[in-house]
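2 protein chains.
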Amino acid sequence: MINQTEDSVRMREALLLAAKGVGTTSPNPPVGAVLYHGNQLIGKGYHEKAGEEHAERRAIRDALERGYADRLKNAVLYVTLEPCSTYGKTPPCTEAILSSEIGRVVYGMEDPDKRNRGRAKALLEARGIQVQGGVEEGACEAFLRPWVRSVETGLPWVTAKVACTLDGRMVRNKERWISGKEALRYAHELRLQSDAILVGGATVRADDPALTIRTPLSTVPMCKQQPWRVVMTRDQSQLPSGAKIFTDAYADRTVVYEQVENFEEMLRELHSRYGVVRLMLECGGTLLRKFLEVNLVQEWMQDMSPIIGGGPFSIVPGDFLPSELHLHEVTVQQAGNDYILHGFMDP
Amino acid sequence: MINQTEDSVRMREALLLAAKGVGTTSPNPPVGAVLYHGNQLIGKGYHEKAGEEHAERRAIRDALERGYADRLKNAVLYVTLEPCSTYGKTPPCTEAILSSEIGRVVYGMEDPDKRNRGRAKALLEARGIQVQGGVEEGACEAFLRPWVRSVETGLPWVTAKVACTLDGRMVRNKERWISGKEALRYAHELRLQSDAILVGGATVRADDPALTIRTPLSTVPMCKQQPWRVVMTRDQSQLPSGAKIFTDAYADRTVVYEQVENFEEMLRELHSRYGVVRLMLECGGTLLRKFLEVNLVQEWMQDMSPIIGGGPFSIVPGDFLPSELHLHEVTVQQAGNDYILHGFMDP
């Protein structure tokens, strides 16, 4: 008898493993897997970096290394995404599953690529393996939304991050920073999940930001590279050549776009050329507004400091947007004295 | 033996009773009282309206009506504010306490009026009654902050209420309202606690608001009058004579101020002439900004709707405020899709 609740619990375990890969797997998806023999966890794994083992293979290898080769035959593999069945940078996971003689495969969501969707299921069932898809499907889909967007549209998932006073202003009169230190830490965690951070030339000139991850080292995966620093500017020659992003140890991770007319085209290139799946906007209001005008933002993170009376720079300056934007799945959390509002843009 | 925790619990009961009077007692404070004989509650009461019985007298009368006359002698009276000891519209409560032969009096905070502070304590102790002040003092003081301000400064306590999009704008493009219905209900609850609501002439012309309390009748005390409607305008002749506030059943509760130069003076008159202790600002950003510039706002209630891209009317339009304002004791609560941020201005 298949216990639905048990399947869900184990899929949630696999999802927690998958989360460890966020920020390092692009352009691949972060995926997690656990192997159970009866009630015993015999192997686990997650995908860490493009070109390296997929979660399924790591879980199988983990079981072998623990000396559970003989138990694989009746084991159940839980994996958050339908296993791959075609050759990429690594051989298909379906082959590894077949050769390990795993008895049952449970996955969360199907491959969003229409050419592959359901293919693993058919292939494995034809070889006598029990397969069940759609377990904790909603949670797996929500988790993989950024990657699904990149597969379906060729565009990165864009998260806008703003810090403002309660009156929606980005600048204070006598203090430089709006965010408190707890909110800043949260913003760095978000950088950790991002493949690239985008700012405008004005921000480079005004703040000379490093745009690097500076969370405690223990929380940063070994394989995490600093995110790409993307600068949009009207005139590249107006950028200070001594700016940190041009001179620090990661200067080769800085990309400048000049006089961009078509934002979508630029985003498409960030994905195809630099493998960017998750892009974080840390620009000022003027540039942010342009992304909002063409509806290219999917996720919104607003750090509000309990201050009133900021300067004339609004997070969305000017008149009405052509179309009002609405958020869903909104949450608010406290971070020190600040409040962080997070949500997703309605399509 | 005096049980400190028991005293606190009973003082909290008295505070809950006091809360029933918020919005109807001005210019008097809302006060609550409970009478205990041993572990038995024998009487309770709260002040409901200026000119009527104070909480202490109501609690004593309640005990008498319940047939507990013989138990008053050893009873303990818990009252949130030091009992009055002078003749006002009603005789002093200290007299009622003395003639009922109550054995012990416990109060929350002292009378903020320096001429009376501690006077009841001395007076009652001289007559052999045990008196203890300062029980749940912090909670009682926080509860009575608006009234204390009115006593100490002659000015009403001002609560600014704004509704805005996430980008801090007060106007939407194609929809009239920003707040959802749950947030609107919350705003009406706030009106219930207010003695007056202030708007600018622009709001009267644009919205023709009624500025009345329209919560479910069951929650409105019988003795609650509609709040004063206060309009600040440059030119009274530009206000539409057919506006609701001039023509509805409460037209005599509408006050117009023209060309106000000195905001503090106007506020002082609202207190002295109309008994306003709690004033709610429901004006637009231009007028709100003027109150903020002269630091005459004590409480902030911001309803944020998860919308981005509102019109050019900011909640605090223009450049930096002369002094940045900071909030403390900030809380955020969800109301339908909206989030309501509430806090108090640092002095």
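Chains as they are written, first to last, in this note's numbering: chain X, 1 to 347; chain S, 1 to 347. Glycine included, C-beta positions come from ideal geometry on N, C-alpha and C.
Boundaries for E152 (chain X): no beta strand (DSSP E) harbours it, while the alpha helix (DSSP H) harbouring it runs 137-153, taken from the DSSP string. By the CB criterion at 8 Å, Q298 (chain S) and V158 (chain S) fall inside the cutoff. Contact fails between the stretch 239-258 of chain X and the stretch 323-333 of chain X, because fewer than three Cβ pairs, one in each stretch, are under 8 Å apart. DSSP, reduced to helix, strand and coil, places Q40 (chain X) within a strand of the structure shown. A Cβ of chain S is located within less than 8 Å of the beta carbon of Q302 (chain X). Interface flag for S179 (chain X) against chain S is unset, since no Cβ pair is found closer than 8 Å. Residue range 76-81 is occupied by the beta strand (DSSP E) that includes Y78 (chain X).
Beta-carbon to beta-carbon, L270 (chain X) and A196 (chain X) are separated by about 6 Å, close enough to satisfy the 8 Å threshold. Per the C-alpha coordinates, the member of X:L155, X:G284, X:L192 positioned closest to T233 (chain X) is X:G284. The continuous beta strand (DSSP E) containing I197 (chain X) extends over residues 196-200. For the stretch 39-65 of chain S, the beta-carbon criterion of a distance under 7 Å to any beta-carbon of chain X is satisfied by none of its residues. Beta-bridge annotation (DSSP): Y107 (chain S) is paired with S:V79.
Close partners of P312 (chain X) in chain S (Cβ separation under 9 Å): G318, D319, F320. The alpha carbon of Q130 (chain S) has as its nearest neighbour, out of S:N116, S:P146, S:A163, S:T94, the alpha carbon of S:T94.
The beta-carbon distance between E48 (chain S) and T24 (chain S), rounded to whole angstroms, is 6 Å. This is short enough to meet the 8 Å contact definition. In the DSSP secondary-structure assignment, Y46 (chain S) is bridged to S:G32.
Pairwise C-beta distances place the stretch 110-120 of chain X out of contact with the stretch 58-77 of chain X, as fewer than three of them are shorter than 8 Å. For the pair G275 (chain S) and G200 (chain X), the Cα-to-Cα distance works out to about 54 Å. Against chain X, the CB of H326 (chain S) has a partner CB under 8 Å away; the residue lies at that interface.
Here the alpha carbon of R268 (chain X) sits roughly 35 Å from the alpha carbon of F313 (chain S).
Cβ proximity to chain X below 7 Å picks out L166, D167, G168 from the stretch 149-168 of chain S.
DSSP, reduced to helix, strand and coil, places M222 (chain S) outside both helices and strands of the structure shown, so it counts as coil.
Boundaries of the alpha helix (DSSP H) around H271 (chain S): 263-274. A210 (chain S) carries a coil assignment under DSSP once its states are collapsed to helix, strand and coil.
Annotation: R58 (chain X) to L35 (chain X) spans about 10 Å, alpha carbon to alpha carbon. Cβ neighbours of C223 (chain S) within its own chain (closer than 6 Å, five residues either side excluded): T24, E48, K49.
The Cβ-Cβ distance between R185 (chain S) and I178 (chain S) does not fall below 8 Å. Its chain contains S305, A335, G336, N337, D338 as the residues whose beta carbon lies nearer than 8 Å to that of G180 (chain S), once the 5 sequence neighbours on both sides are disregarded; these appear in chain order. Excluding the 5 residues flanking it on each side, R12 (chain X) has same chain C-beta neighbours closer than 8 Å at E136, A139, in chain order.
Residue burial annotation: P156 (chain S) is buried, with at least 16 other C-beta atoms found within 10 angstroms of its C-beta.
None of the residues of the stretch 70-101 of chain S has a beta carbon lying less than 9 Å from any beta carbon of chain X. Among the residues of the stretch 326-340 of chain S, those with a Cβ less than 8 Å away from any Cβ of chain X are H326, L327, H328, V330, V332, Q334, N337, Y339, in the order of the chain. A Cβ-Cβ separation of about 5 Å places L281 (chain S) in contact with A160 (chain S) under the 8 Å criterion.
Pairing P83 (chain X) with I102 (chain X) gives a Cβ-Cβ distance that is not under 8 Å. S272 (chain X) sits exposed, since fewer than 16 C-beta atoms from the chains shown fall within 10 Å of its C-beta. Between N295 (chain X) and chain S, the shortest Cβ-Cβ separation is not below 8 Å.
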